[in-house]
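Enquirer: Residue numbers (my numbering), protein chains in the order written: chain A, 11 to 402; chain B, 8 to 637.
We put the beta carbon where it would ideally sit given N, CA and C, even for glycine.
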Ligand code: HEM
Ligand SMILES: [Cu+2]
Ligand SMILES: [Cu+2]
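(1) So the candidates are A/312, A/224, A/389 and A/175; which of them puts its Cα closest to the Cα of residue 610 of chain B?
(2) Helix, strand or coil: which one does DSSP assign to residue 96 of chain B?
(3) Got a sec: is the Cβ-Cβ distance from residue 506 of chain B to anything in chain A below 9 Å?
(4) With 9 Å as the threshold, decide whether the Cβ of residue 58 of chain B is near any Cβ in chain A.
(5) 9 Å is my cut-off, CB to CB: does residue 387 of chain A come that close to chain B?
(6) Determine the direct distance from the alpha carbon of residue 394 of chain A to that of residue 285 of chain B, and round the result to whole angstroms.
(7) Could you check which residue in B/44, B/580 and B/45 has the C-alpha nearest to that of residue 317 of chain B?
(8) By how many angstroms is the C-alpha of residue 476 of chain B removed from the C-alpha of residue 111 of chain A?
(9) Assign residue 317 of chain A to one of two classes, buried (16 or more other C-beta atoms within 10 Å of its C-beta) or exposed (fewer than that).
(10) So, is residue 391 of chain A buried or exposed, given that buried needs 16 or more other C-beta atoms within 10 angstroms?
(11) Residues in the same chain with beta-carbon distance under 7 Å from residue 67 of chain B, minus the five sequence neighbours each way, listed in chain order, please.
(12) For chain B, find out if any of its Cβ atoms is closer than 9 Å to the Cβ of residue 13 of chain A; answer yes or no.
(13) Which chain B residues are close to residue 171 of chain A, counting only those with a beta carbon under 9 Å from its beta carbon?
(14) What does the alpha-carbon distance come out to for the pair residue 495 of chain B and residue 420 of chain B?
(15) Consult DSSP for residue 219 of chain A and reduce its assignment to one of helix, strand or coil.
(16) Is the CB of residue 664 of chain B under 9 Å away from at least one CB in chain A?
(17) By the three-class DSSP mapping on this structure, what secondary structure does residue 89 of chain B have?
(18) May I ask which residues mark the beginning and end of the beta strand (DSSP E) holding residue 279 of chain A?
(19) Output the distance between the C-alpha atoms of residue 428 of chain B and residue 354 of chain B, rounded to the nearest integer angstrom.
(20) Classify residue 73 of chain A as buried or exposed, calling it buried when 16 or more other Cβ atoms lie within 10 Å of its own Cβ.
(21) Please report the straight-line C-alpha distance between residue 222 of chain A and residue 349 of chain B, rounded to a whole angstrom.
(22) Just the C-alpha distance for residue 163 of chain B and residue 181 of chain B, rounded to the nearest angstrom, thanks.
(23) Give me the Cβ distance between residue 128 of chain B and residue 488 of chain B, rounded to the nearest whole Å; I'm assuming they're in contact under 8 Å.
(24) Given a limit of 8 Å on CB to CB distance, which residues of the stretch 413-443 of chain B reach chain A?
(25) Measure the alpha-carbon distance for residue 585 of chain B versus residue 160 of chain A and round it to whole angstroms.
(26) Answer with yes or no whether the minimum CB distance from residue 28 of chain B to chain A is below 9 Å.
(27) Using CA coordinates, which residue listed in A/321, A/320 and A/289 is at the minimum distance from residue 306 of chain A?
(28) From the DSSP output, read off the bridge partner residues of residue 392 of chain B.
(29) Is any beta-carbon of chain B found at less than 9 Å from that of residue 292 of chain A?
(30) Give a yes or no on whether 9 Å exceeds the smallest Cβ distance from residue 102 of chain A to chain B.
(31) Quick one, which of B/320, B/46, B/418 and B/118 has its alpha-carbon nearest residue 347 of chain B's?
(32) Using a Cβ distance threshold of 8 Å, determine whether the stretch 490-507 of chain B contacts the stretch 566-578 of chain B, with at least three qualifying pairs required.
(33) If we cut at 9 Å on Cβ distances, does residue 457 of chain A have a partner in chain B?
(34) Report yes if the C-beta of residue 305 of chain B is less than 8 Å from at least one heavy atom of ligand 1; otherwise report no.
(35) With 9 Å as the C-beta to C-beta threshold (strictly closer), list the residues of the stretch 336-352 of chain A near chain B in chain order.
(36) Kindly examine ligand 2 and report whether one of its heavy atoms sits closer than 8 Å to the Cβ of residue 356 of chain B.
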């Protein structure tokens with residue numbers, strides 16, 4: 011190949027030199043800037059030094075081990091350190107420490123997890139979770155004991171040969187069938203709970219309190235359905251219409267919009283079924299209220315639903331968690347852009363009476379101004395239409 | 008046999024070729040545009056390692072942000088400029104880091120780096136072929152991959168930053184440039200890079216499949232192939248069937264982004280403007296993506312499992328337990344992996360009835376996974392285990408595979424997934440089963456086949472250090488994350504400071520970050536060991552692990568064409584370790600049964616009556632021995 015002539019050692023070195031030079035420049039620039047950031051150079055070199063020290067330390071240990079093994083060999087003792095024994099022992103230690111560590115994490119971190127479910131269906135989920143947790147923890151512990159103990163017990167020894175044992179059909183049948191049965195049980199339980207949550211009869215859908223949630227970057231807009239318990243129509247093309255007042259794109263020709271209420275927090279009466287209709291104006295978001303075991307994505311162009319019944323009021327939960335500051339929250343759980351991490355919305359569960367009182371204070375989402383703008387737009391349109399009609 | 012017929016002509020050709028190979032091999036043809044499968048494997052490996060180190064550094068950056076959300080790090084500003092104003096990561100750049108970290112790790116390291124390295128290295132060597140079916144396509148595959156890598160990394164140098172919509176790049180976030188900076192040019196380049204990447208994978212995959220099917224040496228029937236080859240073969244099939252779907256999805260997304268189509272878009276109002284797109288569905292992307300995405304996780308895992316099978320059998324000095332069951336469970340995983348994708352979509356608005364169906368298929372796939380685990384355990388039982396670094400990593404893989412597989416059982420349950428989806432529980436799950444298990448499989452393979460690639464050995468003691476530090480730190484990093492998920496902490500959060508309820512996790516975050524830094528520093532031991540040993544490592548012998556498989560019959564010098572003379576013939580399965588009655592504790596696949604009369608067993612003859620008769624005659628003459636065998 012005549013490409014070769016472009017590629018000789020010399021040009022290789024020049025290339026290296028060039029790269030080296032430019033690297034040097036970058037470094038110089040970095041240090042210059044570092045000088046601006048007072049003390050930065052110091053901190054960085056401190057950590058680099060620390061790291062190099064660790065490397066030297068490990069290097070020294072390595073050399074010591076090497077020398078030790080060499081001298082042993084020269085002395086004619088059987089070769090140096092028994093590394094198989096060492097690693098076997100490490101596995102035994104890892105087993106003990108690991109199991110303890112897992113226990114510690116279960117206890118320590120496990121105490122920080124969500125409190126008991128604040129919704130009815132969540133209770134079923136939690137019990138399903140516990141069953142799964144027990145089974146999997148059992149398998150986790152047993153298989154790890156076996157794995158690490160075998161590693162420890164059957165470490166290499168010149169005196170033994172391994173046991174030639176290529177297969178055992180009975181054993182293999184057992185450990186195919188037993189997991190299969192366990193998983194079938196889990197699947198069936200899960201399936202019925204899942205259907206129970208997602209497959210709600212029509213009449214129960216209609217009778218639930220209807221709440222409409224609209225997600226957008228980076229906030230939630232929530233409206234309650236008002237007296238008729240139906241949320242009025244929206245159309246994304248109307249967003250920003252009515253002189254910018256219509257930020258949800260309500261279609262005011264749909265009268266059902268008029269009694270809808272705009273709220274700044276979600277307040278739910280305890281033990282009443284609520285049905286959320288979830289939508290998005292821009293990208294995907296996820297309507298996530300972990301205390302209620304509720305999650306559903308907000309998808310532009312396709313309404314999604316989640317219906318459930320809260321069963322513990324905020325006040326009760328504050329008592330249960332021993333935290334007077336406790337509040338239910340709505341998070342966004344689907345990556346949606348820069349402020350994804352900051353889309354909170356307050357959720358409260360209260361008694362029926364408190365709920366009714368709260369509801370009375372909420373203002374209609376269609377304000378008087380919006381109505382005026384709408385009338386104005388209508389009349390304009392009418393006159394245009396009339397003119398067109400006249401001209402024809 | 009047809010394979011032999013195809014084979015011999017190429018064999019002689021290559022032999023000739025080899026004789027004067029040195030005369031017309033230049034640096035370029037030998038190291039850069041090489042068509043030798045062993046060199047291409049090394050190219051994949053080193054590129055994969057470089058990409059892995061980069062992705063790891065990215066993860067340390069965002070881990071520091073999570074641990075110290077209120078602190079300013081002037082160094083960040085020096086290094087990252089406007090991506091870290093005032094020494095604090097910009098939230099959008101945080102998402103870019105997460106996205107590129109995930110993309111590089113899943114695709115560039117664990118798909119190309121893993122399959123590309125070991126399929127290329129081992130398929131010809133373990134099957135007895137001079138090279139791949141198409142060496143030229145093989146080279147092409149690497150250079151597509153290399154180009155994809157360069158493009159992916161180049162996005163760090165553009166004004167609006169790299170893609171930031173997560174490695175799953177769900178539209179509309181990824182489709183609408185105005186929705187985040189990362190969805191501008193960075194996303195375009197991401198899509199271009201991934202298209203090239205898929206081309207690379209497909210070219211490679213076709214090559215692997217045709218090599219396995221057509222170029223096996225004499226005697227190497229499918230049931231005599233090592234499990235590594237089975238896993239590479241099935242992985243390539245999975246890739247071949249699923250990657251094209253990703254390309255289709257990507258092309259549609261490119262259309263939506265640049266040409267005004269509405270495959271994924273409908274009813275969108277963004278940045279003060281209603282978009283004209285109507286009738287599309289973001290859910291469509293998810294179906295297409297996960298139709299690849301779930302098989303992809305097995306594309307990542309299966310080669311690691313194959314490597315582990317090989318390493319565990321060799322170093323336990325025992326046959327792999329249940330060879331047939333291992334193959335059938337791989338096949339089972341291959342088939343099932345195509346019908347479980349919906350478990351990523353339980354709460355994304357997919358029809359809930361479908362969710363129920365996907366839950367059933369998902370939990371079925373756990374059965375073959377369980378079988379594999381138990382077979383590994385049974386292989387260790389009564390073994391005579393040599394703890395080479397490769398073996399340590401293989402055992403580590405089994406541990407992570409168990410832990411991560413078990414958490415999959417939670418997630419596969421649609422009812423439980425309602426509260427776990429998109430939380431740290433998912434992060435913990437897939438980092439254990441993929442980020443840890445598959446990486447450990449890859450590292451295990453590197454330590455094990457290093458002598459085959461470079462003719463030298465890696466330092467074992469540094470390997471031990473590397474293993475123990477990595478093993479411990481991986482658990483320290485990922486175990487606590489399960490509980491964050493159970494507390495309802497969503498993933499991909501730039502900081503936990505905005506929610507009162509998440510403050511309790513701040514100290515855990517600090518802990519996790521330091522564990523991650525420990526793990527990252529431990530990789531320096533590996534990198535040093537790897538690059539140092541390439542040049543100065545102890546010289547390897549021909550068969551340093553006393554292994555039975557074919558690659559160890561090639562000369563240490565790694566010549567073009569692999570074997571100097573004729574390609575050896577295969578007479579037995581690859582797992583005759585510690586066979587009773589034999590003088591050494593391993594019998595290479597190239598040893599005929601006629602030379603091992605003292606250790607043959609009835610099933611070795613596969614119903615060949617003539618051979619059985621000869622054996623019986625021999626047994627009759629050597630009564631003592633037969634009694635020993637029994
Ligand atoms: C026992 C078998 C397994 C089951 C039942 C299982 C189940 C699941 C489920 C249901 C999810 C979706 C969780 C969610 O987003 O809410 C998931 C996520 C994931 N799994 Fe598994 N899994 C298993 C094994 C594996 C293996 C072997 C790998 C890879 C080697 C893997 C890699 C992943 C990845 C990467 C994700 C996250 C994708 C993302 O959202 O970014 N899983 N798994
Ligand atoms: Cu979000
Ligand atoms: Cu999956």
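Expert: This is what the structure holds:
(1) A/175
(2) coil
(3) At a cut-off of 9 Å between beta-carbon atoms, residue 506 of chain B makes contact with chain A.
(4) no
(5) no
(6) 28 Å
(7) B/580
(8) Those two C-alpha atoms are separated by around 16 Å.
(9) buried
(10) Answer is exposed; the Cβ neighbour count stays below 16.
(11) Excluding residues within five positions, the ones whose Cβ falls inside 7 Å are 523, 524 and 527.
(12) For residue 13 of chain A, the pLDDT reaches just 42, beneath the cut-off of 50, and the residue's location in the model is therefore unreliable, although a value from the coordinates is still provided. At a cut-off of 9 Å between beta carbons, residue 13 of chain A contacts chain B.
(13) 324, 391, 585, 587 and 592
(14) 17 Å
(15) strand
(16) This structure cannot settle anything about residue 664 of chain B, because the visible part of chain B is limited to 8 through 637.
(17) helix
(18) Unbroken beta strand (DSSP E) run through residue 279 of chain A: 276-279.
(19) About 8 Å.
(20) exposed
(21) 26 Å
(22) 17 Å
(23) Actually they are not in contact, since the Cβ atoms of residue 128 of chain B and residue 488 of chain B sit about 34 Å apart, beyond 8 Å.
(24) 413, 414, 416, 417, 420, 421, 422, 423, 425, 426, 428, 429 and 430
(25) Going by the C-alpha atoms only, they are around 18 Å apart.
(26) Note on residue 28 of chain B: pLDDT 44, under 50, position unreliable in the model; the coordinate value appears next. Residue 28 of chain B does not count as touching chain A.
(27) Ranking A/321, A/320 and A/289 by Cα distance to residue 306 of chain A puts A/289 first.
(28) A/165
(29) yes
(30) no
(31) B/418
(32) no
(33) Residue numbering for chain A in the displayed model covers 11 to 402; residue 457 of chain A lies beyond these limits and cannot be assessed.
(34) yes
(35) 336, 337, 339, 341, 342, 343, 344, 345, 346, 347, 348, 349, 350, 351 and 352
(36) Flag unset: Cβ of residue 356 of chain B not near ligand 2.
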